[in-house]
Amino acid sequence: IAVPATDAEKLEMIRFTILRRGGAFGHWLGDRAWLGFLGWMAVVTAGYGVSHFTGPHWLNSPLVFNVIGVSAVVAILVGARRNVRGRRLPWYLFALGQTLYVLGDVFSDNYGLFFGGALPSVSIADAFYLTFYIPLIAGLLLLIRERRGGQDRESLVDSLVITVAAAAFSWTFLMAPNADQASSLPTKLVALAYPLMDVLVLGVLVRLLVASGPRAIGFALLILGFLAQLVADSIYGWQLLHGGY
14 IAVPATDAEK
24 LEMIRFTILR
34 RGGAFGHWLG
44 DRAWLGFLGW
54 MAVVTAGYGV
64 SHFTGPHWLN
74 SPLVFNVIGV
84 SAVVAILVGA
94 RRNVRGRRLP
104 WYLFALGQTL
114 YVLGDVFSDN
124 YGLFFGGALP
134 SVSIADAFYL
144 TFYIPLIAGL
154 LLLIRERRGG
164 QDRESLVDSL
174 VITVAAAAFS
184 WTFLMAPNAD
194 QASSLPTKLV
204 ALAYPLMDVL
214 VLGVLVRLLV
224 ASGPRAIGFA
234 LLILGFLAQL
244 VADSIYGWQL
254 LHGGY
């Protein structure tokens with residue numbers, strides 16, 4: 014295994030893992046393909062949400078939602094292949110996590126077609142939704158290890174403090190109320206598992222955020238993406254707890 018000889022070489026290797034710098038002018042379009050995908054996601058997701066109220070209703074359908082999810086998987090794989098010169102494993106793990114999430118959506122949206130009957134409170138979709146967190150956490154841990162070599166004690170303390178605070182908040186407003194309302198043990202465990210996994214992701218994300226290292230565009234988008242997921246999960250859990258959707 015080749016070991017970088019200088020700190021500059023180590024930082025260069027890390028920068029490639031997060032996202033490499035754009036190439037020559039001849040590769041302008043390819044280097045900015047992420048902007049095109051960002052525009053696609055903004056337009057389609059906005060259309061998906063707005064069409065729920067205004068129509069057309071086919072745009073606010075499980076099929077469109079799944080297409081959005083699959084396009085994200087493809088984008089991660091293509092982006093890792095084109096832009097990452099270090100280890101691509103973290104990004105492949107993120108793609109795996111997104112794939113599991115899409116499969117959860119497929120089973121949730123088509124449960125009656127696959128198994129007959131209405132979607133129960135605990136189903137096979139929950140297995141995919143919960144498994145989705147595992148490769149995400151693993152990918153974040155690999156990025157942390159590459160940025161700091163696992164020796165960053167300060168960021169570990171910071172992440173533990175924030176994780177404990179988030180866990181106490183989540184237990185008070187999401188975990189305990191959901192567990193109290195659950196009608197069976199499986200439902201209770203699943204209700205506890207979702208906010209618990211969000212707390213674990215937040216703790217690892219904080220450690221990545223506070224660790225020193227280069228800040229490329231890929232790093233910023235990664236942090237924003239995970240934060241959006243955590244905020245959406247919290248709002249969704251709160252709405253379900255209070256009888257809304």
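Take 14 as the starting number for the sequence shown in this note's numbering and just add one per residue. Backbone N, C-alpha and C define an ideal beta-carbon position, used for all residues, glycine too. It should be emphasised that the depicted structure is a prediction, and the values quoted were computed from it without experimental measurement.
| Check | Outcome |
| --- | --- |
| Whole runs of the alpha helix (DSSP H) within the stretch 55-128, excluding any shorter than 4 residues | 75-96, 102-122 and 124-128 |
| Reference Gly-216, options Gln-252, Val-244, Val-174 and Asn-191, closest by Cα | Val-174 |
| Contact belief for Pro-148 with Leu-106 at Cβ below 8 Å, rounded distance in angstroms | 4 Å |
| Where Val-174 falls: helix, strand or coil (DSSP) | helix |
| Integer-rounded CB distance, given that Leu-254 should sit under 8 Å from Asp-191 | First, the residue type needs correcting, since residue 191 is Asn and not Asp in the sequence shown. With 8 Å as the limit, Asn-191 and Leu-254 qualify as a contact, their Cβ atoms being about 6 Å apart. |
| Cβ-Cβ distance between Leu-113 and Tyr-124 below 7 Å | no |
| Touching by the beta-carbon criterion (3+ pairs, under 8 Å), the stretch 84-104 and the stretch 46-55 | yes |
| Between the CA atoms of Val-219 and Asp-139 - distance to the nearest angstrom | 26 Å |
| DSSP state of Phe-145 mapped onto helix, strand, coil | coil |
| Beta-carbon gap between Leu-205 and Gly-250 smaller than 7 Å | no |
| Own chain, CB closer than 8 Å to Leu-169, minus 5 neighbours either side, in chain order | Arg-220 |
| Cβ pair Leu-156, Pro-199 closer than 7 Å | no |
| Leu-240 versus Gln-252, Ile-230, Val-212 and Ala-229, residue with shortest Cα-Cα distance | Val-212 |
| Gly-216, DSSP secondary structure in three states | helix |
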